[in-house]
Amino acid sequence: MSMNKSDAAPKETAGQPDLRMEYKVQGLSCANCAREMQEEIRKLDHGQDAALLFGSGRLLVRPEIDLARVQRILSGDGASLALPSPGNDRKGEKERHDHADHGHGREDAHTRPQGHGHSHEHSHGEKADHSGQWLLTVSALLYAATFFVNNLLPDQVIILMYISSIILSGFSTFVRGLRNLVRLKFNMDTLMTVALVGAALIGEWKEATLVAILFGLNELLEGYGMNRARQSLEALLDASPKQAVLVKDGREVTVPISRLRAGDIVLVRAGEKVPSDGTVLSGYSALNEAAITGESIPVPKQPGASVFGGSINADGLLKIHIDKAYEDSSLAKIMHLVQEAQDTKTPTELFIDKFARYYTPAIMLIAVLIVLVPPLLFGQPWMKWLYEGLAILIVGCPCSLVLSSPVALVSGMTRCARNGVLVKGGVHLEQLGKIDAIAFDKTGTLTLGRPSVIREVVYDPARFHRVAAAVEAGSLHPLAEAVVRHATAAGGALAKEDLPQPAGLTTLPGVGLTASLDGTRYWVGSEEVLGRLSLPESARSRVLADLARLKKDGLTVVLAAEARRVLGLFGLADELRPESPDVVRRLHESGIAHTVMLTGDHAGAARAVAAKTGVTDWRAGLLPEQKAEAVRELSRSRTVAMVGDGINDAPALAAANLGIAMGKGTDSAVETADIVLMQDHLGKLPGAIGVARQAGRVIRWNIGISLTLKLIALLLTIPGWLTLWIAVISDMGATIVVTLLGLTVLLGKDKYPSPEPKA
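Counting from 1, position 142 in the sequence shown corresponds to residue 175 in this note's numbering; the numbering is continuous, with no gaps.
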């Protein structure tokens, strides 16, 4: 399923990997400025496909580009590249050399880095630059001091103090604005520069200084909002392991995870992170898989168990066989997708970008008309309307409007990722908040995907469980395994190894198994077994009546019998996930009125599961294509999400407005759906929908607040009541509100507990 991306998103063409260099960019605080800088970088030689990604603070450029010129473009807006030191670069080259030689002697297509090609490693914790804060603080203190000495010092000294304050807080804005004005490029910096110069020319030094200080504060708030959201993501990225203890030729060697390959053996001690996806060879422990699934309860692991890279070993020593190189592991894919998701553009953001592109020049034109029309046509005083025009420029600053969406979206996606719900882009988060119907696959989604004995009818308590368990123990069929699990537990907690060994075990295709125990021939299988028995008519009638009742309830029947007597009946069904009824109830309570279950199972089984889960509708006997058609039909009248396992439900996931896969990090789930529940249950789904709806509400409020405040300020120009004070305070107020509201999406936790993982 495709993701809607901006033209800034990383791309691959004609099957070729993206070989652009990736750099961390510090100091990005303005989405509109980032877009303009990207356009400038693309005008450089070899810069035509450069991407400056505001959401994640990254720059993707070809290695041939002139980085010094890129630095100059970024520095013009107060941003900079976080370049590695020469020592680190040499170290990286050595690691890449070792990486190619490690255990293979060559670097083949499988071992080459994928995705962005060369990527300079960097610390995820970006050191904040506090110089801007200090300059702004000094500027504000100097401005406050003028109020106390205003009547004590000559006017020239007071004006010099105002000028010093303006330079301290707004010099970079002034320089950028003048450069833009020369190029006839109208953006926020241009508006503020014209307003500053105009206010100074008409002698409004006090207000001009306030404009500079509050605009500087605006920029700090914008930067704080996005950096806070980015830091929440970077806390997730810290889950990535950095090194591993490799066991090679009987020796333990600590190596960077970049050197690990599929087939390597590693040791993971208590408190250490599993370096990549693998299988436990020896040892017993419990792993905290919160980085992948969002579940904080440790999951028991023993030999043969699968483990995720990034999981934390809680206690014992584990020897693990590495199944995937780290760049192919579940955690690496999740981190890459979450980071990439920040740089997608939603329809709302695309609209705001387009609106802001025309809005800023329009504000400049309105300001010019405000200055010229009243004096020229109505004989009004020039100074008064020049003042009003300057106020319009400040009101017209689109900071708060541009910031309405990104902080809330990045916060929402980060909060979901923190809870183990992977949202592959802001467009999908917006869509998640709009769904009003959900279609569920049955097997593996609402149910556990494994049969269990739901009911039983016992005619011979002494032999029923013992015989059934002993005969079925010789089969690998899922129904047989379910019978053995139930029968050993129900028959006095029989141990599987203590069961009697049947003689002459024979498989009867389409029927079941037959074998001898203690000299007696027994049959265990479907109702077809009855055709091989010689039962008294009364006994046969009784068995057929009980069998019909079990089948009517949607159960699959397995019976155990000897030649002239049926020992009992097992009624099996796919075991319902314990959280499914509660999840469906919570979804209905949240306003999702229509829930439908789609299954290829027979009608009786579907009816039983639907009744237990509480879904409003169900459809049975569907092939994968028919599931997709059912979803398309539902989508004609509703906004539909399809929840499946990401493998055989791929057509239906693609047909839905939103595809949601569950599968505890399986490759197919991560790659197929728009949203992935990384747990092995549905418990996090209602919480994720709640986060998406909260983000949507915040974005609508932000846009409404921003436009309303600007409209009110513009209306104040009609009677001539708009002042620079009101203009600055309304603009700054809107920016503060949209930033803080956007960050509220990060707060809170899923209030519904998830089911505990099973051992």
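No residue lacks a Cβ here, since even glycine has one placed at the ideal position from N, Cα and C.
For the 8 angstroms Cβ check, are there 3 or more pairs between the region 582-590 and the region 617-624?
no
Could you tell me which whole alpha helix (DSSP H) segments of length 4 or greater appear in the region 493-521?
497-505
Report yes if the C-beta distance between residue 675 and residue 474 is below 9 angstroms; otherwise report no.
Working through the sequence shown from its first residue, we reach residue 675 at position 642. Working through the sequence shown from its first residue, we reach residue 474 at position 441. Against a cut-off of 9 angstroms, the Cβ pair of residue 474 and residue 675 comes out as a contact.
Shortest alpha-carbon distance to residue 434 belongs to which of 190, 106, 735?
Within the sequence shown, the letter at position 401 stands for residue 434. Of 190, 106, 735, the residue nearest in Cα terms is 735.
Measure how close the beta-carbons of residue 760 and residue 427 come, nearest whole angstrom, since I'm counting them as under 8 angstroms.
Start at 1 with the first residue of the sequence shown, and residue 760 comes out as number 727. Start at 1 with the first residue of the sequence shown, and residue 427 comes out as number 394. Confirmed, Cβ separation roughly 4 angstroms.
Of the listed residues 84, 412, 510, 584, nearest to residue 557 (C-alpha basis)
What you label residue 557 is simply residue 524 of the sequence shown in a count that begins at 1. Per the Cα distances, 510.
Three-state secondary structure (DSSP) at residue 619?
As a working note, residue 619 is residue 586 in the sequence shown. In the structure shown, residue 619 sits in a helix (DSSP, three-state: H, G or I).
Just grab the DSSP bridge partners of residue 628 for me.
In the sequence shown, residue 628 corresponds to position 595, counting from 1. Paired residues: 471.
Say whether chain E places a C-beta atom closer than 9 angstroms to the C-beta of residue 348.
The displayed structure is made up of one protein chain only, and chain E is not part of it.
Would you tell me roughly how many angstroms separate the C-alpha atoms of residue 607 and residue 348, rounded to the nearest one?
Working through the sequence shown from its first residue, we reach residue 607 at position 574. Working through the sequence shown from its first residue, we reach residue 348 at position 315. For residue 607 and residue 348, the distance between alpha carbons rounds to 35 angstroms.
Can you tell me which of the three DSSP states residue 415 falls into?
Here residue 415 refers to the residue found at position 382 of the sequence shown. Reduced to three states, the DSSP call for residue 415 is helix.
Are the Cβ atoms of residue 604 and residue 771 separated by less than 9 angstroms?
Your numbering for residue 604 matches position 571 in the sequence shown. Your numbering for residue 771 matches position 738 in the sequence shown. No. Outside cutoff.
Where DSSP assigns a beta bridge to residue 480, which residues make up the other side?
The residue labelled residue 480 in the question sits at position 447 within the sequence shown. DSSP output for residue 480 lists 609 as bridge partner(s).
Alpha-carbon spacing of residue 355 relative to residue 311, whole angstroms
Along the sequence shown, one-based indexing puts residue 355 at 322. Along the sequence shown, one-based indexing puts residue 311 at 278. About 4 angstroms.
Three-state class that DSSP yields for residue 345 in the structure shown:
Within the sequence shown, numbered from 1, the residue matching residue 345 stands at position 312. Three-state result, residue 345: strand.
Inside the region 268-340 only - alpha helix (DSSP H) runs reaching at least 4 residues
323-326
Nearest-angstrom Cα distance between residue 775 and residue 637?
Taking the sequence shown and counting its residues from 1, the one referred to as residue 775 is at position 742. Taking the sequence shown and counting its residues from 1, the one referred to as residue 637 is at position 604. Spanning the two alpha carbons is a distance of roughly 48 angstroms.
Taking 9 angstroms as the cut-off, decide whether the C-beta atoms of residue 610 and residue 479 are in contact.
Against the sequence shown, residue 610 aligns to sequence position 577. Against the sequence shown, residue 479 aligns to sequence position 446. Yes, the Cβ-Cβ distance between residue 610 and residue 479 is below 9 angstroms.
Residues bridged to residue 57 by DSSP?
Your numbering for residue 57 matches position 24 in the sequence shown. Residue 57 is bridged to 91, 115.
May I ask which residues mark the beginning and end of the beta strand (DSSP E) holding residue 540?
As a first step, residue 540 is located in the sequence shown; it is residue number 507 there, counting from the start. 536-541 is the span of the beta strand (DSSP E), which, as asked, contains residue 540.
Using the rule of at least 16 other Cβ atoms within 10 Å of the residue's Cβ for burial, across every protein chain shown, is residue 183 buried or exposed?
Translated into the one-based positions of the sequence shown, residue 183 becomes position 150. Residue 183 is exposed by the Cβ-count criterion.
Backbone CA spacing between residue 276 and residue 359 [nearest angstrom]
Taking the sequence shown and counting its residues from 1, the one referred to as residue 276 is at position 243. Taking the sequence shown and counting its residues from 1, the one referred to as residue 359 is at position 326. The straight-line gap from Cα to Cα measures roughly 11 angstroms.
Close Cβ partners of residue 493 (< 6 angstroms) along its chain, the five nearest in sequence each way excluded:
Within the sequence shown, residue 493 is the residue found at index 460, counting from 1. 600.
Going by beta-carbon coordinates alone, are residue 713 and residue 430 separated by less than 9 angstroms?
Here residue 713 is taken as the residue at index 680 of the sequence shown, counted from 1. Here residue 430 is taken as the residue at index 397 of the sequence shown, counted from 1. Contact flag unset, no.
Does DSSP classify residue 237 as helix, strand or coil?
As a position in the sequence shown, residue 237 is number 204, starting the count at 1. Residue state, collapsed to three classes: coil.
Pick out whichever of 631, 670, 284, 650 has its Cα sitting closest to the Cα of residue 661.
Within the sequence shown, numbered from 1, the residue matching residue 661 stands at position 628. For the residues 631, 670, 284, 650, the minimum Cα distance to residue 661 belongs to 631.
Leaving aside the five residues before and after residue 536 along the sequence, list all residues of the same chain whose C-beta is less than 6 angstroms from its C-beta, in chain order.
Position 503 of the sequence shown, counted from the start, is the residue given in the question as residue 536. Cβ within range, chain order: 549.
For the putative contact between residue 77 and residue 92, defined by C-beta atoms under 8 angstroms, what is the C-beta separation to the nearest angstrom?
Along the sequence shown, one-based indexing puts residue 77 at 44. Along the sequence shown, one-based indexing puts residue 92 at 59. Actually they are not in contact, since the Cβ atoms of residue 77 and residue 92 sit about 12 angstroms apart, beyond 8 angstroms.
Residues that DSSP places opposite residue 603 in a beta bridge
Locating residue 603 in the sequence shown gives position 570, counting from the first residue. Answer is 489, 591, bridged to residue 603.
Classify residue 222: buried if its beta carbon has 16 or more other beta carbons within 10 angstroms, exposed otherwise.
Stepping through the sequence shown from its first residue, residue 222 is reached at position 189. Buried, because 16 or more other Cβ atoms sit within 10 Å of the Cβ of residue 222.
Is the beta carbon of residue 446 closer than 9 angstroms to that of residue 423?
Counted from its first residue, the sequence shown places residue 423 at position 390. Counted from its first residue, the sequence shown places residue 446 at position 413. Cβ distance not < 9 angstroms, so residue 423 and residue 446 don't count as in contact.
Can you list, in chain order, the stretches of the beta strand (DSSP E) that have 3 or more residues and sit fully within the region 638-680?
650-652, 673-677
What is the C-beta distance between residue 290 and residue 274, in whole angstroms, given that I count them as a contact (C-beta under 8 angstroms)?
Position 257 of the sequence shown, counted from the first residue, corresponds to residue 290. Position 241 of the sequence shown, counted from the first residue, corresponds to residue 274. Yes, they are in contact, since the Cβ atoms of residue 290 and residue 274 sit about 6 angstroms apart, within 8 angstroms.
If you reduce the DSSP assignment to three classes, tell me which class residue 357 lands in.
For the purposes of this step, residue 357 is identified with residue 324 of the sequence shown, where counting begins at 1. Coil at residue 357, not helix or strand.
Name, in chain order, the residues that DSSP records as bridge partners for residue 546.
Numbered from 1 along the sequence shown, position 513 holds the residue referred to as residue 546. 540, 557.
What number of angstroms, rounded off, separates the C-alpha of residue 190 from the C-alpha of residue 758?
In the sequence shown, the residue the question calls residue 190 occupies position 157. In the sequence shown, the residue the question calls residue 758 occupies position 725. About 23 angstroms.
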